[in-house]
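J.: Each step along the sequence shown adds one to the number in my numbering, with nothing skipped, and position 165 is 165.
Yeah, the Cβ is synthetic: ideal placement off N, Cα and C, and Gly gets one too.
Note that the coordinates shown come from a computational prediction; the quantities given were computed from them, not determined experimentally.
Take a look at the following structure, please.
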Amino acid sequence: MPLITSRCFVRAGIRRAVCLAACGALAGAATAAAQTPAAPAAQQRGGGRGRGGVQTMTLTTSAWADGGQIPIKYTQPGHDVSPPLSWSDAPPNTLSFVLLVHDLDTTGNGTTDALLQWLVWNIPATARGLPEHMPQGPELPDGTRQISVTGPYYRGPAAPSSGPVHHYLFELYALDSKIDVPPVATTTATGRGGAPPTTRAVTPSETRAAILTAMSGHIRGKAVLVGLFRRPAG
């Protein structure tokens with residue numbers, strides 16, 4: 001089953017339209033989870049349609065209307081707390097949920113990937129939402145795991161006041177499996193020329209790639225929510 005994600009967006013003159021593209025199934029190692037975009041689907045607002053066996057779900061927040069302005073409370077210039085989220089119409093065979101939040105107008109850490117604001121996985125199948133101000137930490141008592149570009153917590157929008165309004169995409173996936181990817185991990189590289197092996201922390205980008213790879217073939221439902229933000233002037 002193809003992994004459905006958003007890879008293109010409308011910048012000039014259309015503030016609330018996001019273009020959803022269907023991507024081919026991910027393959028390869030966790031650190032090389034390449035995506036091959038197919039032709040863009042028709043322009044839609046946040047409630048994008050799934051393809052094939054992917055069921056359409058609904059993702060909402062009481063904090064803003066789909067495609068509307070994200071309140072300052074949920075951004076870095078504000079309190080930087082995660083917004084309340086609710087979803088419905090999950091497939092009956094769901095075993096876990098994944099929430100991916102990214103800034104479509106910014107790339108992160110020298111990559112071409114959209115900036116990772118928040119990635120939450122192994123959300124229990126019984127969940128129908130996430131509360132406002134989710135606790136920080138790599139793994140919560142119910143098994144939910146999380147990361148962002150800067151740590152194991154929600155990272156709010158922070159688009160500069162000097163630039164255009166940014167589009168923040170909240171993508172919810174229903175999976176027929178759980179994901180065996182740790183939120184904090186290390187990797188060891190073999191030393192060259194007799195040098196000892198070196199160990200380093202796995203980056204958030206690598207963790208995201210591993211999760212996307214693990215999701216391939218297990219997506220049974222999807223919902224999308226869009227929010228806009230730019231820092232206030234002054």
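1. Starting from P235, follow its DSSP beta bridges and name the residues at the other end.
2. So within the region 173 to 226, which uninterrupted alpha helix (DSSP H) runs reach at least 4 residues, ignoring any that extend past its ends?
3. Tell me the rounded alpha-carbon separation between L116 and T106.
4. Would you call H167 buried or exposed, if buried means 16 or more other Cβ atoms sit within 10 Å of its Cβ?
5. If you count every other CB in all the chains shown that lies within 10 Å of the CB of V184, and 16 or more means buried, which is it?
6. Report yes if the C-beta distance between A159 and R208 is below 8 Å; otherwise report no.
7. For D103, count neighbouring C-beta atoms within 10 Å of its own C-beta (all shown protein chains included) and say buried if the count is 16 or more, exposed if not.
8. Can you give me the C-alpha to C-alpha distance between T60 and A189, rounded to a whole angstrom?
9. Should A233 go down as buried or exposed, given a rule of 16 or more other Cβ atoms within 10 Å for buried?
10. Output yes or no for whether 8 Å exceeds the beta carbon distance between P91 and G193.
11. Cα separation between L228 and M57?
12. According to the Cβ coordinates, are V120 and T144 closer than 8 Å?
13. Helix or strand or just coil, what does DSSP make of I238?
14. Taking the alpha-carbon positions, what's the A210 to L100 distance?
15. What whole-angstrom Cβ distance do D176 and N93 have, given they're in contact under 8 Å?
16. Out of T186, S216, H79, which one is the CA nearest neighbour of E132?
T.: According to the data block:
1. Residue 235 cannot be examined here, being either before or after the span of the chain that is shown, 1 to 234.
2. DSSP runs (the alpha helix (DSSP H)) wholly in the region 173 to 226: 204 to 215.
3. Translated into positions along the sequence shown, residue 116 becomes position 116. Translated into positions along the sequence shown, residue 106 becomes position 106. Roughly 9 Å separates the two Cα atoms.
4. Residue mapping note: residue 167 aligns to position 167 of the sequence shown, counting from 1. Looking at its Cβ environment, which holds 16 or more other Cβ atoms inside 10 Å, H167 is buried.
5. Here residue 184 refers to the residue found at position 184 of the sequence shown. Result: exposed.
6. Here residue 159 refers to the residue found at position 159 of the sequence shown. Here residue 208 refers to the residue found at position 208 of the sequence shown. Taking 8 Å as the Cβ cut-off, A159 and R208 do not qualify as a contacting pair.
7. Your numbering for residue 103 matches position 103 in the sequence shown. That one is buried.
8. Working through the sequence shown from its first residue, we reach residue 60 at position 60. Working through the sequence shown from its first residue, we reach residue 189 at position 189. A189 has its alpha-carbon roughly 43 Å from the corresponding atom of T60.
9. In the sequence shown, residue 233 corresponds to position 233, counting from 1. Answer is exposed; the Cβ neighbour count stays below 16.
10. Locating residue 91 in the sequence shown gives position 91, where the first residue counts as 1. Locating residue 193 in the sequence shown gives position 193, where the first residue counts as 1. Contact: no.
11. On the sequence shown, residue 228 is found 228 positions in, with the first residue counted as 1. On the sequence shown, residue 57 is found 57 positions in, with the first residue counted as 1. Approximately 21 Å, taken between the alpha carbons.
12. Locating residue 120 in the sequence shown gives position 120, counting from the first residue. Locating residue 144 in the sequence shown gives position 144, counting from the first residue. Their beta carbons are under 8 Å apart, which means V120 touches T144 by this criterion.
13. An answer regarding residue 238 cannot be provided, because it is not within the stretch 1 to 234 covered by the chain.
14. Counting from 1 along the sequence shown, the entry for residue 210 is found at position 210. Counting from 1 along the sequence shown, the entry for residue 100 is found at position 100. Rounded to the nearest angstrom, the two C-alpha atoms are 13 Å apart.
15. Walking along the sequence shown from the start, residue 176 turns up at place 176. Walking along the sequence shown from the start, residue 93 turns up at place 93. Contact flag correct, Cβ pair sits at about 5 Å.
16. Counting from one through the sequence shown, the residue named residue 132 turns up at place 132. Distances from the alpha-carbon of E132 to those of T186, S216, H79 put H79 closest.
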